[in-house]
Every structure is written in structure tokens, then in C-alpha cells.
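Reviewing the structure listed below.
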Amino acid sequence: MRFPLGKVREDRANQERWLGRLFSLTTVGLLILAWASVKAGGQAPAPMPSHRVLVLYSDERLLPANVIVDEAIHATFTADTGDHIELYSEFLDVVRFPGEEQRQRQRDFFREKYRDRPPDLVIAVGGGAFAFLMERRAESFGGVPIVYCSAAGDPHPEHLSDTRIADVPVPDTAGRTLEMMLRLHPDARHVAIVSGTGPRDRQYADVFREELTTFGNRVAFTWLTDLSMEELRGQLSHLPDHTVVLYLTMFQDAAGETFTPRQALDAFAPASRAPIYGHYETYVGHGIVGGSTVPFEEIGRKAAQLGIRILAGEDAQAVARSESYQTVPMFDGRQLRRWKISEQQLPPGSIVRFKEATYWEQYHRIIITSLSLCLLEALLIVALLAQLRRRRLAEASVRENEQRMSLAVDAANFGIWIRDLARNEIWASDKWRELFGFAPSERLELDAILQRLHPDDREALQGVLAKALAGEGRYETEFRVMLPNGGIRWISSHGRVELDANGQPVRIRGASRDVTADKQAELDTQILRQQVAHVGRISMMGQLATALAHEINQPLGAILRNAEAAELFMQETSPDLDEIRAIVADIRQDDQRAGAVIDRMRGLLKRQTLDSRPLDVGELVGDVRALVRADAAARHVKLDVYVPGDLPPVRGDRVHLQQVLLNLVLNGMDAVNGTGGEEQRVSITALLDGAQAVEIAVSDTGTGIPADKLAHVFDPFFTTKPNGMGMGLPISRTIIEAHGGRFWAENNNSGGATFRFTLPIAQEAAAK
Ligand code: ADP
Numbered sequence: 005m006r007f008p009l010g011k012v013r014e015d016r017a018n019q020e021r022w023l024g025r026l027f028s029l030t031t032v033g034l035l036i037l038a039w040a041s042v043k044a045g046g047q048a049p050a051p052m053p054s055h056r057v058l059v060l061y062s063d064e065r066l067l068p069a070n071v072i073v074d075e076a077i078h079a080t081f082t083a084d085t086g087d088h089i090e091l092y093s094e095f096l097d098v099v100r101f102p103g104e105e106q107r108q109r110q111r112d113f114f115r116e117k118y119r120d121r122p123p124d125l126v127i128a129v130g131g132g133a134f135a136f137l138m139e140r141r142a143e144s145f146g147g148v149p150i151v152y153c154s155a156a157g158d159p160h161p162e163h164l165s166d167t168r169i170a171d172v173p174v175p176d177t178a179g180r181t182l183e184m185m186l187r188l189h190p191d192a193r194h195v196a197i198v199s200g201t202g203p204r205d206r207q208y209a210d211v212f213r214e215e216l217t218t219f220g221n222r223v224a225f226t227w228l229t230d231l232s233m234e235e236l237r238g239q240l241s242h243l244p245d246h247t248v249v250l251y252l253t254m255f256q257d258a259a260g261e262t263f264t265p266r267q268a269l270d271a272f273a274p275a276s277r278a279p280i281y282g283h284y285e286t287y288v289g290h291g292i293v294g295g296s297t298v299p300f301e302e303i304g305r306k307a308a309q310l311g312i313r314i315l316a317g318e319d320a321q322a323v324a325r326s327e328s329y330q331t332v333p334m335f336d337g338r339q340l341r342r343w344k345i346s347e348q349q350l351p352p353g354s355i356v357r358f359k360e361a362t363y364w365e366q367y368h369r370i371i372i373t374s375l376s377l378c379l380l381e382a383l384l385i386v387a388l389l390a391q392l393r394r395r396r397l398a399e400a401s402v403r404e405n406e407q408r409m410s411l412a413v414d415a416a417n418f419g420i421w422i423r424d425l426a427r428n429e430i431w432a433s434d435k436w437r438e439l440f441g442f443a444p445s446e447r448l449e450l451d452a453i454l455q456r457l458h459p460d461d462r463e464a465l466q467g468v469l470a471k472a473l474a475g476e477g478r479y480e481t482e483f484r485v486m487l488p489n490g491g492i493r494w495i496s497s498h499g500r501v502e503l504d505a506n507g508q509p510v511r512i513r514g515a516s517r518d519v520t521a522d523k524q525a526e527l528d529t530q531i532l533r534q535q536v537a538h539v540g541r542i543s544m545m546g547q548l549a550t551a552l553a554h555e556i557n558q559p560l561g562a563i564l565r566n567a568e569a570a571e572l573f574m575q576e577t578s579p580d581l582d583e584i585r586a587i588v589a590d591i592r593q594d595d596q597r598a599g600a601v602i603d604r605m606r607g608l609l610k611r612q613t614l615d616s617r618p619l620d621v622g623e624l625v626g627d628v629r630a631l632v633r634a635d636a637a638a639r640h641v642k643l644d645v646y647v648p649g650d651l652p653p654v655r656g657d658r659v660h661l662q663q664v665l666l667n668l669v670l671n672g673m674d675a676v677n678g679t680g681g682e683e684q685r686v687s688i689t690a691l692l693d694g695a696q697a698v699e700i701a702v703s704d705t706g707t708g709i710p711a712d713k714l715a716h717v718f719d720p721f722f723t724t725k726p727n728g729m730g731m732g733l734p735i736s737r738t739i740i741e742a743h744g745g746r747f748w749a750e751n752n753n754s755g756g757a758t759f760r761f762t763l764p765i766a767q768e769a770a771a772k
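Numbering follows my numbering, with no gaps: position 150 of the sequence shown is 154.
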């Protein structure tokens with residue numbers, strides 16, 4: 005062919021122009037690249053590949069096994085090598101493009117294609133690819149090391165003269181699968197073997213048929229081969245009982261239709277009335293129960309690892325000898341369930357895929373959580389119910405206690421009050437309000453309450469409360485309340501102070517009771533006692549009357565005689581005035597003597613109430629001695645008195661104590677008169693009894709008190725005298741105890757009795 009010259013020149017000029025532009029653009033581009041590389045911290049450009057690896061597949065790209073192997077090879081090369089390896093993949097697709105002619109075309113194509121980028125290693129995946137390389141070894145990547153990556157059923161050359169070939173044969177998984185299925189179906193009588201009609205299928209079937217001879221007559225084998233897919237489905241659907249199916253491969257059926265073996269399985273498996281087993285992992289999930297497999301991922305990974313070692317310079321055959329495969333029993337969980345095979349029957353180390361998780365497996369977390377929550381909730385409910393019940397019981401018990409308490413409080417006529425010191429609040433029960441004359445709704449203030457107290461008691465109560473708060477912790481007192489209606493009520497109040505954790509008072513609780521009636525009774529008793537005592541004194545006066553009359557008569561007689569003498573003196577013409585003055589002085593003295601006796605008698609007879617004040621014991625005893633002196637003389641009783649001059653005064657009521665002493669002296673005189681003995685003596689002695697009291701004793705030399713009567717002499721109405729009342733000693737003891745003293749009787753060793761009593765020393769004197 006010829007071209008016009010002008011056109012050629014024009015084109016060359018254009019080309020030069022374009023080349024010039026391209027050159028300048030390239031220069032700029034390189035400069036930019038250099039700058040960018042400096043900017044990027046001097047990073048080196050991507051490394052050139054150190055090795056090229058061609059992965060040559062027998063079959064099409066989408067054969068499931070190829071997809072897995074391809075991924076595993078890529079992943080292993082990427083992960084395991086620091087070198088940058090460039091991977092190429094080629095697919096011979098020997099099933100759909102069979103024949104030597106096709107192979108030759110492919111050979112030519114590869115030769116051209118890889119002329120400039122020859123691989124350093126070829127991985128032949130599958131028997132077809134390996135055969136392709138071996139047939140014309142020199143033409144197909146001659147001299148390049150080969151890794152034969154085979155699956156079950158791929159043929160292996162008996163002997164390899166080429167030392168650059170690494171071949172790790174995969175164990176016979178179909179045979180192992182057959183063993184396994186017969187173990188899982190011990191009642192199986194028939195094994196139907198499914199295989200396609202393609203050359204690959206036949207080749208594999210032939211290899212396997214030879215292996216079957218080792219199974220002998222254990223079961224009957226039926227070959228389902230040379231059938232169209234339709235026929236196969238028909239046969240499978242009419243399989244006799246006790247049959248199991250072993251599927252090898254089906255790349256093509258008798259009708260000439262091609263498949264990937266897995267597509268074929270998808271097509272016929274649903275028709276089978278017997279369980280199907282297969283020895284490729286890619287069949288799992290497509291209708292087989294399971295099989296003994298070598299996972300394709302493992303096959304791909306091992307091929308890549310062998311390749312890496314060979315590229316690193318290791319000997320290919322030595323590398324292959326160092327490797328081997330393990331078979332893995334693999335199952336489809338759904339098929340296991342369909343054919344009622346339990347996982348316990350499976351060989352150890354089995355992998356079960358497509359396990360349809362049971363509800364429990366799927367949702368056990370939710371179930372456990374829900375159950376736990378339910379349980380927790382149930383426990384909470386139970387706990388709450390128990391608590392509620394406890395609370396109700398506690399409330400009921402509190403109510404009952406309150407009722408009992410209020411019943412007891414009401415029965416005892418107690419009014420309860422609580423004073424909160426922090427809040428300065430006072431709460432009181434209705435009964436308390438009634439006692440103090442407050443309305444039920446009336447607000448209670450301390451001042452208002454104190455105002456309601458009798459003025460004489462107010463200060464005392466405040467003192468008592470202050471003492472309790474200051475440390476005593478409790479109080480007990482009595483006071484009078486002036487009611488709004490003008491009445492007066494005696495209240496007895498007990499209380500207790502409550503402390504906080506720091507020992508500070510926080511509250512006072514108290515119970516108050518109306519004791520007006522008790523008080524009245526006490527008063528009545530006191531009056532009665534005084535009246536009885538008065539009667540006692542009158543009675544004693546009766547006893548003394550003769551003697552006292554005599555004592556009064558004496559001065560009166562003396563006065564009369566002195567008056568007569570004075571008259572006589574005054575009848576004289578010159579009366580001796582000095583003598584008359586002396587007589588008048590005697591008259592006055594006698595008059596005073598008689599007056600004193602009458603005063604003492606009147607005192608004893610008149611006074612009734614107890615009036616305590618400091619008393620000189622000597623004077624007290626002296627008064628009594630004066631009263632009984634005449635009687636004693638008349639009765640020939642010697643009256644001795646011994647009172648030390650330095651005795652401190654006692655506190656008491658003069659008249660009442662005189663009555664006691666008088667009674668004792670009169671009893672003593674009765675007792676000594678009863679003996680008729682010579683020594684008739686009654687003695688009054690006083691002495692200090694410790695630091696707080698004075699003891700006064702009246703002893704006699706009389707009959708004494710019979711031992712069995714000693715305990716009864718203080719009983720009211722106990723008397724051994726014909727005209728006795730038996731009230732003297734009980735009254736005397738009441739009087740002494742009212743003074744805070746003790747009173748007792750004892751017999752003297754030398755005969756006679758002694759009555760002793762104590763009286764408190766007047767505090768005014770003790771303080772001195
Ligand atoms: P009364 O003198 O009216 O009998 P009292 O109460 O004074 O009543 O005395 C009661 C009794 O105690 C007397 O009857 C007497 O038996 C006995 N008694 C009192 N004092 C003496 C005494 N000094 N010696 C012996 N017995 C006494």
C-alpha cells in the first residue's frame with residue numbers, strides 16, 4: 005500500500021508538534037511528581053513486582069470451588085509475602101471448550117499474551133490445567149515451576165521427572181465419604197452413585213469405580229450415570245428403601261447439558277427420596293447431608309504457600325513432600341434434621357453448617373434475660389408482698405399496741421405529752437388536754453401550760469424539768485393545776501428525756517395522772533391522824549389530870565396562904581411593906597407556875613396541825629418532865645433525864661413530839677408500877693446519832709415486853725392494860741415517821757424496856 009508523500013510530511017509535522025507538546029507536558033508532569041514525592045516525605049514510588057504468578061484454572065471462573073480457591077490464593081499471597089507479587093488468572097473452561105484444538109489455541113494465546121510478562125510460577129488448579137501444562141511442557145511456560153493444586157478426583161501422574169513441579173495429592177474423599185455414610189446409615193442396603201456423562205465426570209467415575217472394589221459386598225452399588233437430568237431425577241425419586249446416594253460430579257448430563265457440579269446437585273437433590281452425600285465442601289448446603297471433605301480454602305492456601313516457598317528458592321518436590329491434607333467431615337444441619345441424624349452420631353471434629361438454631365440457641369440470651377427479669381420481678385414481687393405483709397403485721401401490731409397502750413393509759417387515767425425541744429413543739433393526748441383543761445385542737449405552748457400551774461408549784465416544776473434536762477434524764481413530781489373553771493387538780497407527772505447520738509436532749513416524754521383524789525385521801529388521813537393524835541393527847545391529859553390538878557393546886561394554895569398572910573400584915577398599923585412585897589412576889593411566882601402548867605396543858609390539847617421548826621431537845625424533854633413530874637412523884641417513880649448540853653436542835657413539831665415523849669414516859673411509869681419493885685425508874689436520854697440525827701430513848705425498869713408481843717406493840721389497838729386504848733405507840737410512830745425519823749422498841753438486859761426514836765437534825769443547825 006502506498007501513501008501520498010504530502011500527507012506523510014504533514015503528518016510528520018503534526019506528529020513532531022504533538023511530540024514536542026507531549027515532551028514538555030511529560031517534563032512538567034515529572035517535575036510535579038518529583039515535587040509530590042518530596043512533599044510526601046520522600047516516599048518511594050510503588051515497587052515493581054518482584055514475581056509474577058499465573059493461576060491457571062481448568063474450569064470456568066464461577067465454579068464455586070474456583071471462587072474459594074482463587075480467594076484463598078489471593079489472600080495468602082497478599083498476607084504472607086513481603087514481596088510484591090503480581091497475580092494473573094486464566095480459566096481453560098475445559099468442559100465447555102473441550103478438545104485438543106481448543107487447548108492449542110489457548111496455548112498460542114498464552115504464549116503471545118505472556119511473552120513480555122512471563123510468570124515466575126504457575127499454579128495449575130485442577131487436573132485439566134495440570135494436563136494442559138504437562139502436555140506440551142516446553143510450549144506452556146516451559147521451565148517455570150508449577151504448583152499442582154488438585155481437588156479430589158483429579159488425576160496425579162505416577163512419576164514426575166520434572167523436579168520443578170510440586171504436587172500434593174488430595175486424599176480420596178469420595179471413598180471416605182462412602183465409609184462415613186454407611187456408618188451413619190447402618191441399615192443401608194443400596195448405594196446409588198450419581199455421576200455425569202462429561203469426560204471429567206467419566207474420568208472421576210472410573211477412578212472411583214476401582215476404589216469400590218475394596219468395599220466388597222457390604223452393599224449393592226447402583227450407578228446412576230449416563231442419564232439426563234430429568235431421568236436422574238426420576239430415578240432418584242423411585243429409589244428403594246435403605247438406599248443412600250453418593251454424588252461424585254456432574255459437569256454434563258446425558259442430554260449434553262452442562263452444569264457446574266453444584267448446579268446439577270441443586271437440580272436433582274430435591275427429587276431424591278434417599279439421603280445424598282458428597283465429598284466436596286461446595287455441595288454442603290445444596291442438598292447433601294454431608295461428606296468427608298478437604299476444604300477448598302485449605303487447598304488454595306496451601307497452593308499459595310507452596311508457591312511462595314518455591315519462589316523463595318526452595319526445591320519444588322521437597323516442598324510438596326513436606327505437606328499433606330487432612331479431611332474434614334462436614335455436614336448440613338438442615339439435612340441432618342431431615343434424615344434424623346443426631347450430631348452425637350457424627351465423627352469427631354465434624355463441622356455442621358446451616359445449623360438451624362433452635363429457639364433456645366437463637367434466643368437463649370433473650371430467653372435467659374427475660375426469664376431472669378421475670379424471676380427478678382417475681383422475687384421483687386414476693387419480697388414486696390412479704391414486706392407488705394410484714395408491714396401490715398407490724399402496723400396491726402402497732403395498732404394493737406397503741407390500742408392496748410391507750411387502753412392502759414386510759415385505764416390508768418394517764419395523759420401523755422411529748423415536747424420536741426428542737427422544734428419547740430408540744431404534743432399531748434386528749435386525756436392530757438382534759439387533765440390540764442386544754443381544748444383538743446388548742447395549740448400548746450410551754451408558757452400557757454406553766455400559767456395553768458398553781459403559782460406555788462410553778463417554780464418547783466420548772467426546777468424539776470431543768471434538772472432532768474441538765475443530766476438526771478428523768479423526773480417525777482406532783483403539782484397543782486388551776487383549771488379554767490376555777491377548780492384545782494393535783495397532777496402526778498413522770499417523764500423521761502431522750503438524747504440524740506451526741507448525748508444532747510432532743511425530746512421529753514411524760515405521763516401525767518390526776519391524783520386529786522389520792523391527795524384528798526392523804527389529807528383526810530392526815531387530818532384523821534391528827535385528830536386521833538389529839539384524842540390521844542386528851543386521853544393522856546386525862547391520865548395526868550389528877551397530878552396536874554395537884555400541881556396547879558399547890559401554887560394556888562400557896563397563893564391563898566400568901567394572900568392571907570399579906571392581909572394579916574396589912575391589918576397591922578405599920579405594915580411591913582418589904583414583907584408584903586416579898587409575899588406579892590411569891591404570889592406572882594406561884595401564879596406564873598400555875599399559868600405555865602395550864603399553858604402546857606392547853607398547848608397539848610389545842611394544837612392539831614404539824615408545824616415543824618428547829619427545837620432544842622433539852623427544852624422538849626424539860627417540858628415533858630414538867631408535865632409528868634407531879635404524876636411521877638405521886639406514883640413514886642423516879643424520873644431521870646440526861647440530855648447533853650451541846651446537842652444540836654432537831655426539826656419537829658414541839659407539841660407532837662411532847663405527845664410522843666409523854667406517851668413513852670407514861671407507859672414506862674405504868675410498866676414500873678406493874679413490878680412493885682423497889683427501883684422504879686424511868687429515864688429519858690438523848691444522844692447524837694451520826695451526823696444527821698439525834699436519838700432519844702425512854703427506858704424503864706419495868707416489866708419489859710414479852711418477846712412474842714414485841715412485834716405487836718406498834719399495832720393499833722394493841723394493849724395489855726385494862727383501860728388501855730392501844731393507840732399511843734401507833735400514833736407516836738406515825739408522828740416520828742412524819743418527821744423523817746425511825747421508832748423501835750427493845751427489852752433491856754437488866755429488865756424493863758427501852759423505846760427509841762430518831763429525829764433529823766435541823767438543817768439550819770447542821771449547816772452551821
Ligand atoms: P396503851 O398504853 O393504851 O396500852 P400503847 O400503845 O401506849 O397503848 O401501848 C401498848 C402496849 O404496849 C401496852 O398496853 C403495853 O402492853 C405495851 N407497852 C408500852 N410501853 C411499855 C413499857 N414501857 N413496858 C412494857 N410494856 C409496854
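Think of the CB as a built atom: it goes at the ideal place given N, C-alpha and C, for glycine as much as any other residue.
To the nearest angstrom, how far is the alpha carbon of residue i from that of residue j?
i, j, result
"P159", "G131", "6 angstroms"
"P509", "A515", "18 angstroms"
"R369", "C378", "14 angstroms"
"T331", "S376", "43 angstroms"
"V501", "G507", "11 angstroms"
"E235", "D74", "34 angstroms"
"R585", "M673", "41 angstroms"
"I700", "I688", "7 angstroms"
"A416", "F718", "34 angstroms"
"R456", "R423", "17 angstroms"
"E90", "I280", "41 angstroms"
"G678", "G728", "14 angstroms"
"L503", "G467", "19 angstroms"
"P720", "D594", "41 angstroms"
"R395", "S401", "9 angstroms"
"S276", "L250", "11 angstroms"
"W343", "K306", "35 angstroms"
Residue i bridges to which residues according to DSSP?
i, result
"W421", "A432, G514"
"G780", "Here the chain comprises residues numbered 5 to 772, so residue 780 is not present and cannot be evaluated."
"A83", "A83 pairs with nothing; no bridge assigned."
"S165", "S165 pairs with nothing; no bridge assigned."
"C798", "Given a span of 5 to 772 for the chain in the structure shown, any question on residue 798 remains unanswerable."
"R56", "E90"
"I280", "V249"
For a test of the three-state rule: what should DSSP assign to residue i, helix, strand or coil?
i, result
"K725", "coil"
"Y208", "helix"
"A443", "coil"
"N751", "strand"
"V654", "strand"
"V386", "helix"
"T758", "strand"
"H498", "strand"
"E741", "helix"
"D644", "strand"
Nearest chain D C-beta to residue i closer than 9 angstroms, yes or no?
i, result
"D461", "Absent here is chain D; the protein component of the structure consists of one chain."
Hey, which unbroken runs of the alpha helix (DSSP H) at 4 residues or more fall wholly within the region 317–372?
320–325, 337–342
Looking at C-beta atoms only, is the number of pairs between the region 651–667 and the region 738–758 that lie closer than 8 angstroms three or more?
As far as the Cβ criterion goes, the region 651–667 touches the region 738–758, which means the pair count is three or higher.
Three-pair Cβ contact test at 8 angstroms for the region 60–78 versus the region 253–267
Three or more Cβ pairs closer than 8 angstroms define a contact, and the region 60–78 meets that threshold against the region 253–267.
Three-pair Cβ contact test at 8 angstroms for the region 641–655 versus the region 617–627
yes
Mind the definition here: the region 515–528 touches the region 592–607 only if three or more C-beta pairs lie below 8 angstroms; say whether that holds.
no
Okay, do the region 247–257 and the region 139–154 touch, 3+ Cβ pairs below 8 angstroms being the bar?
no
Okay, do the region 377–396 and the region 482–491 touch, 3+ Cβ pairs below 8 angstroms being the bar?
no
Cβ contact (3+ pairs, closer than 8 angstroms) linking the region 431–449 and the region 462–473
no
What residue ranges within the region 73–142 form continuous beta strand (DSSP E) runs of no fewer than 3 residues, ordered along the chain?
89–95, 125–129
Counting only runs that start and end within the region 664–711, where is the beta strand (DSSP E) found for 3 or more residues in a row?
685–693, 697–704
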